[in-house]
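**Q**
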Amino acid sequence: MLSSVVARRLVTGVCQAAWRPAVTGLVSSRGYRGDTPDDTRGDLIEIPLPPWDERPGETTDIKKRRLLYESRKRGMLENCILLSLFAKQYLNSMTENQLLQYDRLINEPSNDWDIYYWATEAQPTPDVYQGEIMDMLKEFTKNRNQEQRLDAPNLEYLDKESQ
25 MLSSVVARRL VTGVCQAAWR PAVTGLVSSR GYRGDTPDDT RGDLIEIPLP
75 PWDERPGETT DIKKRRLLYE SRKRGMLENC ILLSLFAKQY LNSMTENQLL
125 QYDRLINEPS NDWDIYYWAT EAQPTPDVYQ GEIMDMLKEF TKNRNQEQRL
175 DAPNLEYLDK ESQ
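In short: position in the sequence shown from 1, add 24, done, that's this note's numbering.
(1) Can you say whether residue 111 is buried or exposed, counting buried as having 16 or more other CB atoms within 10 angstroms of its CB?
(2) Taking the straight line between their C-alpha atoms, what separation do you get for residue 108 and residue 160?
(3) Do you know whose CA, among 83, 135, 153 and 140, lies nearest residue 71's CA?
(4) Mind pulling the alpha helix (DSSP H) runs of 4 or more residues that sit fully within the stretch 93-167?
(5) Inspect the beta-carbon positions of residue 167 and residue 139 and report whether they are closer than 8 Å.
(6) Measure the C-alpha to C-alpha separation of residue 170 and residue 86 and round it to an integer number of angstroms.
(7) I need the straight-line Cα distance from residue 96 to residue 132, nearest angstrom please.
(8) Just to confirm my understanding: we take residue 99, look at its own chain, exclude 5 residues before and 5 after, and list those with CB closer than 7 Å. What are they?
(9) With DSSP collapsed to three states, give me the class of residue 89.
(10) Measuring alpha carbon to alpha carbon, tell me which residue in 74, 62, 130 and 121 is nearest residue 94.
(11) Whole angstroms are fine: how far does the CA of residue 155 sit from the CA of residue 144?
(12) Spatial neighbours of residue 82 within its chain, please: CB distance less than 8 Å, with the 5 preceding and 5 following residues excluded, ordered by chain position.
(13) Measuring CA to CA, which of 74, 78 and 64 is closest to residue 188?
(14) Going by CA-CA distance only, name the one from 118, 127 and 153 that's closest to residue 76.
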């Protein structure tokens, strides 16, 4: 019978030996962003997305509810929190033109990171999205009141404020 110390060393040695080749095979030689000078982007797959269309027959109430939902259900948590809190603060007081700008901003770009980088001013905002709503979002993102923004708000707030 092997002692527990010898058995532990034996199991640890076998596990480490078996793990090393798998880890070595998983580690990529490319950088994190994949934008090395020799990157041909040959492995990039472009998925066509349907174009954003304005919904002219949509009532203001339905549009606000849809934008509330779309502000919460994003492709990345950072935008879910940022946009849902922004919607909570401003959605009920937006004009029709502002609602249209907001709808276009959160639904036309195909990459959520673009919206995040524009809002945090890490990258310049394209002219087509620059406007009153983007200015409001950039100012909101600065969080001058230093609020804790760790989670999206409850969904019920839109109904409570409209009653």
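A virtual CB, placed ideally from N, CA and C, is assigned to each residue, including glycine. The structure displayed is predicted, hence computed values, not measured ones.
**A** Taking the structure as given:
(1) buried
(2) 14 Å
(3) 135
(4) 101-114, 120-131, 136-143 and 156-166
(5) Taking C-beta atoms as the reference points, residue 167 and residue 139 fail to come closer than 8 Å.
(6) 32 Å
(7) Going by the C-alpha atoms only, they are around 16 Å apart.
(8) Same-chain partners within the cutoff: 136.
(9) Three-state DSSP puts residue 89 in a helix.
(10) Its Cα nearest to that of residue 94, the residue 130 stands out among 74, 62, 130 and 121.
(11) 15 Å
(12) 90
(13) In the structure as shown, the chain begins at 25 and stops at 187. Residue 188 is therefore absent and cannot be evaluated.
(14) 127
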